[in-house]
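J.: Residue numbers (full-length UniProt numbering): 1 to 255.
1. Apart from the five residues on each side of it in sequence, which residues of its chain come closer than 6 Å, Cβ to Cβ, to residue 158?
2. Touch check for the segment 173-191 and the segment 202-221: three-plus C-beta pairs under 8 Å?
3. Roughly how many angstroms separate the alpha carbons of residue 70 and residue 45, rounded to a whole number?
4. Name the two residues that bound the continuous beta strand (DSSP E) containing residue 190.
5. Apply the 10 Å Cβ neighbour rule to residue 194 and answer buried if 16 or more other Cβ atoms are within range, or exposed otherwise.
6. On the criterion of 16 or more Cβ atoms from any shown chain inside 10 Å, does residue 139 qualify as buried, or is it exposed?
7. So, residue 197 versus residue 212, is the Cβ gap smaller than 8 Å?
8. For the beta strand (DSSP E) that contains residue 90, what are its first and last residues?
9. Rounded to the nearest angstrom, what separates residue 32 and residue 66 at their Cα positions?
10. Contact between the segment 16-36 and the segment 72-84: three or more CB pairs below 8 Å?
11. Can you tell me the Cβ-Cβ gap for residue 72 and residue 86, rounded? I've got them flagged as a contact below 8 Å.
12. Taking its Cβ as the centre, do 16 or more other Cβ atoms sit within 10 Å of residue 40, making it buried, or is it exposed?
13. Could you pull the start and end residues of the alpha helix (DSSP H) that residue 55 belongs to?
14. In angstroms, rounded to a whole number, what distance separates the CA positions of residue 16 and residue 51?
15. Identify every residue that forms a DSSP beta bridge with residue 24.
16. Which residues does DSSP pair with residue 82 in a beta bridge?
17. Check residue 209 in the structure and name its three-state DSSP category.
18. By DSSP's criteria, residue 179 is part of a beta bridge. Which residues make up the other side?
19. Would you mind stating whether residue 84 and residue 59 have Cβ atoms separated by less than 8 Å?
20. Take the Cβ of residue 201 as the centre, count every other Cβ of all protein chains shown within 10 Å, and call the residue buried at 16 or more, exposed below.
21. Starting from the Cα of residue 38, find the closest Cα among 24, 68, 49 and give me that residue.
22. Taking the straight line between their C-alpha atoms, what separation do you get for residue 126 and residue 27?
23. When the Cα of residue 64 is compared with those of 36, 95, 49, which residue comes out closest?
24. Assuming residue 258 contacts residue 25 under a Cβ cut-off of 8 Å, what Cβ separation, rounded to an integer in Å, is found between them?
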């Protein structure tokens, strides 16, 4: 119990930071996909033989500008002053998100191949992309996210077990050992400061409430991590779809 509570605060911080970074990556990819869709629409429009040479020239100009916007978005999306999608960026290597209080409660993501392919599709104009016929890379990324969901569920069960164990401790009883209650924000939005209950010190009802509250918050934070993993799975799949869409677009433009 002591070990669980001592590491709960750090686990909570890890989850919050991971979610923050994934949300920024989510936004960056969503914006990129939006631009890609606009570019594909232009390429489809240009393929129509009713267009004059001047029409196609105007479409090409707009297409090129969108390509620059897309490349700029991929090169400049940042978290904590670090590039995410640019060459050498944070998302261009395997990432480990420690989302729980034990070594198994972690999420590993390696989306470099997907991001690299998307970036290449932008920098190499009108060059068809060699896409995976089976979608294996995308499936592997989704499998890792499913594993993360299982890890989050395991952590939640551990939190529930700890909460049940604390329910047997009555107010006024002495703490059998030192217990550290991590800081957390309760349901009312109030920040509850961290507290250390020394061994042999009487445990108050407030202490019990705060311990239960800390465990409850950790459970909810893990639920958020689970949702973030699912949301990111959708975005990753969406990015892969965008790559394939860009392949069609590049082929159209190259005609």
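Just so it is clear, CB atoms sit at the ideal spot from N, CA and C, and this is done for glycine as well. Computed from a prediction, not measured in an experiment: that's the story for all the values here.
T.: According to the data block:
1. Per-residue confidence for residue 158 stands at a pLDDT of 44, beneath the threshold of 50, marking its modelled position as unreliable; no derived number is given.
2. yes
3. 19 Å
4. It is not in any beta strand (DSSP E) - residue 190 carries neither H nor E in the DSSP assignment.
5. exposed
6. With a pLDDT of only 47 at residue 139, under 50, the local geometry of the prediction cannot be trusted, and the value read off the model is given with reservation. With fewer than 16 Cβ atoms within 10 Å of its Cβ, residue 139 is classed as exposed.
7. no
8. Here residue 90 belongs to no beta strand (DSSP E), and DSSP marks it neither H nor E.
9. 10 Å
10. yes
11. Contact doesn't hold; Cβ gap of about 10 Å is too wide.
12. buried
13. 53-76
14. 51 Å
15. Residue 24 pairs with nothing; no bridge assigned.
16. 79
17. helix
18. 197
19. no
20. exposed
21. 68
22. Residue placement at residue 126 is poorly supported in this model, since its pLDDT is 41, which falls under 50; the coordinates are not used for a value here.
23. 36
24. Residue 258 is absent from the structure shown; the chain starts at 1 and stops at 255.
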